[in-house]
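The sequence shown maps to residues 14 to 269 in my numbering.
By construction, the Cβ of each residue, glycine as well, lies at the ideal position given by its N, Cα and C atoms.
What follows is a single structure, written as structure tokens, with notes after it.
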Amino acid sequence: MPETKELPPEGMVPIPDGEFQMGSNDPEGDNDEQLLHTVYIDGFYMDKYEVTNAQYKQFVDANPQWQKDHIDRRFYDGGYLRHWNGNDYPSEKANHPVVYVSWYAAVAYAQWEGKRLPTEAEWEYTARGGLSGEMYPWKGSIDSGKANYGRNVGNTTPVSKYPPNGYGLYDMAGNVWEWCLDEYQEDFYVRSPRANPIAGGTITSIIDYFTSATTARVLRGGSWNYGPRLMRVALRNWALPSNTYGNYGFRCVRAQ
14 MPETKELPPE GMVPIPDGEF QMGSNDPEGD NDEQLLHTVY IDGFYMDKYE VTNAQYKQFV
74 DANPQWQKDH IDRRFYDGGY LRHWNGNDYP SEKANHPVVY VSWYAAVAYA QWEGKRLPTE
134 AEWEYTARGG LSGEMYPWKG SIDSGKANYG RNVGNTTPVS KYPPNGYGLY DMAGNVWEWC
194 LDEYQEDFYV RSPRANPIAG GTITSIIDYF TSATTARVLR GGSWNYGPRL MRVALRNWAL
254 PSNTYGNYGF RCVRAQ
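Structure representation (structure tokens):
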């Protein structure tokens with residue numbers, strides 16, 4: 014009998030296992046991305062889109078402790094869901110990425126969905142979309158028809174507005190910065206393992222003890238109010254896990 018292929022979970026894209034060149038050898042790149050190195054990644058599923066306001070509302074409705082009036086003060090810096098009115102998002106932004114969410118909230122949402130945040134290596138692997146040596150998730154130079162960046166729109170846009178990359182993923186550059194699971198370590202590439210690297214522990218240990226995390230976490234992808242340099246697939250950003258801003262969002266992954 015022919016082999017039956019497992020269908021990906023709804024709203025997710027299958028990502029094949031493989032090797033890629035992580036980081037950059039661009040002399041104008043930042044120091045923390047400067048070691049170009051080979052990384053192997055196991056296959057997994059990734060959300061096709063950034064998590065939307067409508068999806069996040071389902072989470073807070075089911076988990077009142079993560080509503081803006083009830084969230085533990087340890088898990089945000091004061092701006093959590095600032096753009097919402099109580100427990101409701103702006104009606105015209107149902108399909109926009111949720112923003113003003115901390116790393117803690119993103120991890121909690123992912124757990125509720127039976128998923129997790131991507132590692133930094135998984136994120137860069139998927140952002141490259143199967144391409145090698147490109148600066149952005151597409152071939153060629155910066156293109157305002159392919160991403161929301163540099164205040165060319167002035168705010169977030171619907172998650173399906175711009176074309177997907179080679180893996181069928183949307184907004185891997187621009188729209189919102191995306192939280193990754195890893196602790197940010199500036200020199201991690203110097204000692205990073207070749208296979209499935211993650212900084213700051215294991216996937217299991219980081220998730221099991223996420224409420225105790227205090228160190229900076231990785232953000233990737235650039236956003237609607239940042240210029241093209243920060244949308245490069247190799248660019249590394251970071252923030253404290255409690256930080257919440259109008260250009261911070263996330264998407265999730267799941268093991269195959």
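Do residue j and residue i have their beta-carbon atoms positioned less than 8 angstroms apart in this structure?
i, j, result
"Phe57", "Arg267", "yes"
"Phe223", "Val64", "no"
"Asn238", "Asn260", "yes"
"Trp125", "Asn66", "no"
"Asn165", "Ser157", "yes"
"Gln34", "Ser145", "yes"
"Val203", "Pro110", "no"
"Arg209", "Asp55", "Contrary to the premise, residue 209 reads as Asn rather than Arg in this sequence. Their beta carbons are under 8 angstroms apart, which means Asn209 touches Asp55 by this criterion."
"Tyr69", "Tyr122", "yes"
Rounded to whole angstroms, what's the CA-CA distance from residue i to residue j? Just pull it up for me.
i, j, result
"Gly214", "Arg95", "31 angstroms"
"Ala252", "Leu48", "22 angstroms"
"Leu271", "Asp221", "The question about residue 271 has no answer here: the residues shown for the chain are numbered 14 through 269."
"Trp79", "Ala118", "7 angstroms"
"Gly31", "His50", "14 angstroms"
"Asp43", "Pro21", "36 angstroms"
"Lys128", "Ile219", "14 angstroms"
"Asp39", "Ala140", "18 angstroms"
"Val89", "Ile216", "The residue asked about is misnamed: residue 89 is Tyr in this sequence, not Val. The straight-line gap from Cα to Cα measures roughly 22 angstroms."
"Gly91", "Val114", "10 angstroms"
"Lys152", "Lys159", "11 angstroms"
"Gln269", "Glu19", "9 angstroms"
"Asn250", "Ser37", "14 angstroms"
"Tyr138", "Asn108", "25 angstroms"
"Gly6", "Trp97", "In the structure as shown, the chain begins at 14 and stops at 269. Residue 6 is therefore absent and cannot be evaluated."
"Glu147", "Ser236", "19 angstroms"
"Leu130", "Gly24", "15 angstroms"
"Ser104", "Asp74", "16 angstroms"
Contact defined as beta carbons within less than 8 angstroms: I believe residue i pairs with residue j. What is the distance between those atoms, to the nearest angstrom?
i, j, result
"Lys61", "Val26", "5 angstroms"
"Ala247", "Glu46", "5 angstroms"
"Tyr162", "Gly240", "7 angstroms"
"Asp195", "Ile211", "5 angstroms"
"Arg245", "Tyr149", "7 angstroms"
"Trp136", "Pro254", "No, Trp136 and Pro254 are not in contact; Cβ-Cβ is about 16 angstroms, not under 8 angstroms."
Judging by CA-CA distance, which residue of the options is the nearest neighbour of residue i?
i, options, result
"Ser205", "Thr132, Asp74 and Asp82", "Thr132"
"Gly99", "Asn108, Pro110 and Ile84", "Ile84"
"Tyr102", "Arg207, Gly91, Lys81 and Glu137", "Lys81"
"Tyr53", "Met185, Pro150, Trp151 and Pro29", "Pro29"
"Met59", "Gly142, Gly153, Tyr202 and Thr228", "Gly142"
"Lys106", "Asp74, Gly262 and Thr170", "Thr170"
"Arg264", "Gln198, Ala186 and Arg207", "Ala186"
"Thr228", "Tyr197, Glu19 and Ser236", "Tyr197"
"Ser225", "Glu23, Arg87 and Leu130", "Arg87"
"Tyr258", "Tyr93, Trp97, Gly24 and Glu23", "Tyr93"
"Ala134", "Ser236, Glu147, Arg207 and Asp74", "Arg207"
Spell out a yes or no on whether the stretch 185-196 and the stretch 223-233 are touching, meaning 3 or more CB-CB pairs, one atom from each, closer than 8 angstroms.
yes
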